[in-house]
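Beneath this line is the structure, given in structure tokens, with notes to follow.
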Amino acid sequence: MSRVVTVGAAQLGPVEPEHSRSDAVARMIELLRDAAGMSCDLVVFPELALTTFFPRWYMEDQAEVDRYFEREMPNADTQPLFDEARRLGVGFYLGYAELAVEDGKTRRFNTAILVNKEGVIVGKYRKIHLPGHAEVEAWRAFQHLEKRYFETGNLGFGVFKEFGGTMGMCLCNDRRWPETYRVLGLQGVEMVLLGYNTPVHNPPAPEHDDLSLYHNALVMRSGAYQNATWVVGVAKAGPEAGVPMIGGSQIVAPSGEAVAMCTTLGDELAVARCDLDLCTSYKSTIFNFDRHREPQAYGLITSRKGINTAAK
Ligand code: CDT
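The sequence shown begins at 174 in our numbering and counts up by one.
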């Protein structure tokens, strides 16, 4: 059986506040059709792909916030994407804001799903590393209120046996944390799918702004290499609501090399034939975890908040 998965990184340009979900879905369907024409098995869309990146605004009225959330998936707005994916026989990853009722409690997550070629949801991930802040910070040019609007994901970093391999998911800020890739890597992940919304300007650390694309590539490429996995990172890019967002969507091989990249800040597709067996040559040699990792010798105890203290 072929272990090649042809993947499309389907970058989106800005989704403005006045754009409807149907507008966004229509753009995604166009990218999906282009991808099908290039023999893609799987298309990766960005984080919070259906709406503008709403955590950039402080909203006191919960009903206003909830307008950005999906109560079911698929729903009337996204059903056409699922239908077209099934018709074309192309799977997809999609990020969106999820409102769920669990044990009678309303919960809000920054979520991604994996949909197979039959249009069936076969995997779900809820974002664990929520960046930014929970209270309004008036000094900022724009807010980053993910800690206010979302709960920490409660599904862990799972893997899914789909598309002939072992697939993992994460979202945006997760890509900066080695734990993300390592927890997936320890489960044998062969392809990590991730969408992101990253402002060029980070208000608390403007001295990093010039490095935003460098850091984006750095974390995805090192995560891929150190865990012997493909990584597909996809941006919502460009000046959204006047806030410049990085592009730099790319498909990274287990060698750490980017094999396909978007070069614009708009809707764009980058495609690569990803041979999952390429992971094997790294997983069985330099990053043979069973043979070469020495967790018992690391000598660190990790507290709940992640502060490391040397073992006595
Ligand atoms: N969406 C998201 O997670 N963005 C963050 C911005 C960090 S600056 C608060 C990121 O890591 O790209």
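For glycine and all other residues, C-beta sits at the position ideal for the given N, C-alpha and C.
Would L287 and F333 be called neighbours here (beta carbons separated by less than 8 Å)? It is a contact, given that the beta carbons lie within the stated cut-off.
In terms of alpha-carbon separation, which member of V216, P417, S457 and G421 lies closest to M393? The residue with the shortest Cα to Cα distance from M393 is G421.
Backbone secondary structure at I202 - three-state DSSP: Residue state, collapsed to three classes: helix.
Count the other CB atoms within 10 Å of the CB of Y387; is the residue buried (16 or more) or exposed (fewer)? Residue environment analysis places Y387 among the exposed positions, since fewer than 16 neighbouring C-beta atoms fall within 10 angstroms of its C-beta.
In angstroms, rounded to a whole number, what distance separates the CA positions of G262 and S212? Cα to Cα, the separation comes out at about 10 Å.
Please classify K409: is it buried, with 16 or more other beta-carbons within 10 angstroms of its beta-carbon, or exposed? With 16 or more other Cβ atoms from the protein chains shown falling within 10 Å of its own Cβ, K409 counts as buried.
May I ask you to verify whether the region 394-403 touches the region 244-263, counting CB pairs closer than 8 Å and requiring at least 3? Between the region 394-403 and the region 244-263 there are fewer than three inter-stretch CB-CB distances shorter than 8 Å, so the stretches are not counted as touching.
Within a Cβ cutoff of 8 Å, which residues of the same chain sit near E335, ignoring the five residues on either side of it in sequence? Close CB contacts of E335 within its chain, under the 8 Å cut and outside five residues either way in sequence, are with G264, L287, N289, V295 and G296 (chain order).
Could you round the C-beta distance between M364 and V178 to whole angstroms and report it? I think they count as a contact, below 8 Å. M364 to V178, Cβ: 7 Å. Contact.
Pull up the distance between the alpha-carbon of G429 and that of T225, whole angstroms please. Looking at the two C-alpha atoms, the distance is approximately 31 Å.
Quick check on DSSP: helix, strand or coil for T284? In this structure, DSSP gives T284 an extended state, which the three-state scheme calls strand.
Of all residues in the structure, which have a C-beta closer than 5 Å to any heavy atom of the ligand CDT, taken in chain order? With 5 Å as the limit between CB and the heavy atoms of the ligand CDT, the residues that fall short of it are P304, G305, H317, C345, N346, N370, T371 and N375.
Between G368 and A222, which are expected to be in contact by the criterion C-beta below 8 Å, what is the C-beta distance as a whole number of angstroms? Confirmed, about 7 Å.
I202 and E257: beta carbons closer than 8 Å? For I202 and E257, yes; Cβs fall inside 8 Å.
Using the C-alpha atoms, what's the distance from T436 back to F282? Here the C-alpha atom of F282 lies approximately 30 Å from the C-alpha atom of T436.
Drop a sphere of 10 angstroms on the beta-carbon of K485, count the other beta-carbons inside from all chains shown, and report buried for 16 or more, exposed for fewer. Below a pLDDT of 50, predicted positions are generally treated as unreliable, and K485, at 42, falls in that range; the measurement from the model is reported next regardless. By the C-beta density criterion, K485 is exposed, having fewer than 16 other C-beta atoms within 10 angstroms.
Since C447 is in the beta strand (DSSP E), which residue starts that stretch and which ends it? Per DSSP, C447 is one residue of the beta strand (DSSP E) stretching across E441 to D448.
Taking the alpha-carbon positions, what's the N370 to L473 distance? If I take the Cα positions, the gap works out to 33 Å.
Compute the distance between the beta-carbons of F323 and C343, then report whether it is under 8 Å. No, the Cβ-Cβ distance between F323 and C343 is not below 8 Å.
Can the beta-carbon of T339 be found less than 8 Å from the beta-carbon of V356? Contact: no.
Extent of the continuous alpha helix (DSSP H) to which E352 belongs: E352: member of the alpha helix (DSSP H) spanning P351 to G358, first to last residue.
L438 to P372 span [Cα, whole Å]: L438 and P372 have their C-alpha atoms roughly 12 Å apart.
Which whole-angstrom value describes the C-beta separation of A426 and L451, a residue pair presumed to lie in contact below a C-beta threshold of 8 Å? Taking the Cβ atoms as the reference, A426 lies roughly 6 Å from L451, within the contact range of under 8 Å.
In its own chain, which residues sit with a C-beta less than 7 Å from the C-beta of P468, not counting the 5 before and 5 after it? None.
Could you work out which residue in K456, E275, L215 and R280 is closest to F242 when comparing CA atoms only? Ranked by Cα distance from F242, the options K456, E275, L215 and R280 are led by R280.
So, at 7 Å on beta carbons, what are the nonlocal neighbours of E413 in its own chain, with the 5 sequence-adjacent residues on each side left out? Scanning its chain for C-beta atoms nearer than 7 Å, with the 5 sequence neighbours on each side dropped, one finds around E413 the residues P187, V188, E189, T225 and F226, in chain order.
Spell out the partners DSSP gives A433 in its beta bridges. Bridge partners of A433: I424.
Beta bridge counterpart(s) of P412 as assigned by DSSP: Looking at the DSSP assignment, P412 forms a beta bridge with P417.
Would you tell me roughly how many angstroms separate the C-alpha atoms of D214 and G181, rounded to the nearest one? The alpha-carbon separation between D214 and G181 amounts to approximately 8 Å.
Just list the alpha helix (DSSP H) runs in the region 221-255, keeping only unbroken ones of 4 residues or longer that don't cross its boundaries, in chain order. Runs of the alpha helix (DSSP H) inside the region 221-255: 235-239.
Going residue by residue through the region 255-327, where are the continuous alpha helix (DSSP H) segments of at least 4 residues, counting only ones entirely within it? Complete alpha helix (DSSP H) runs here, min 4: 319-322.
When W312, L303, D463 and N327 are compared against L318, the one with the closest alpha-carbon: With distances taken between CA atoms, L318 lies nearest to L303 out of W312, L303, D463 and N327.
Could you compute how far the alpha carbon of W230 sits from the alpha carbon of F315? Distance from the CA atom of W230 to the CA atom of F315, rounded to whole angstroms, is 7 Å.
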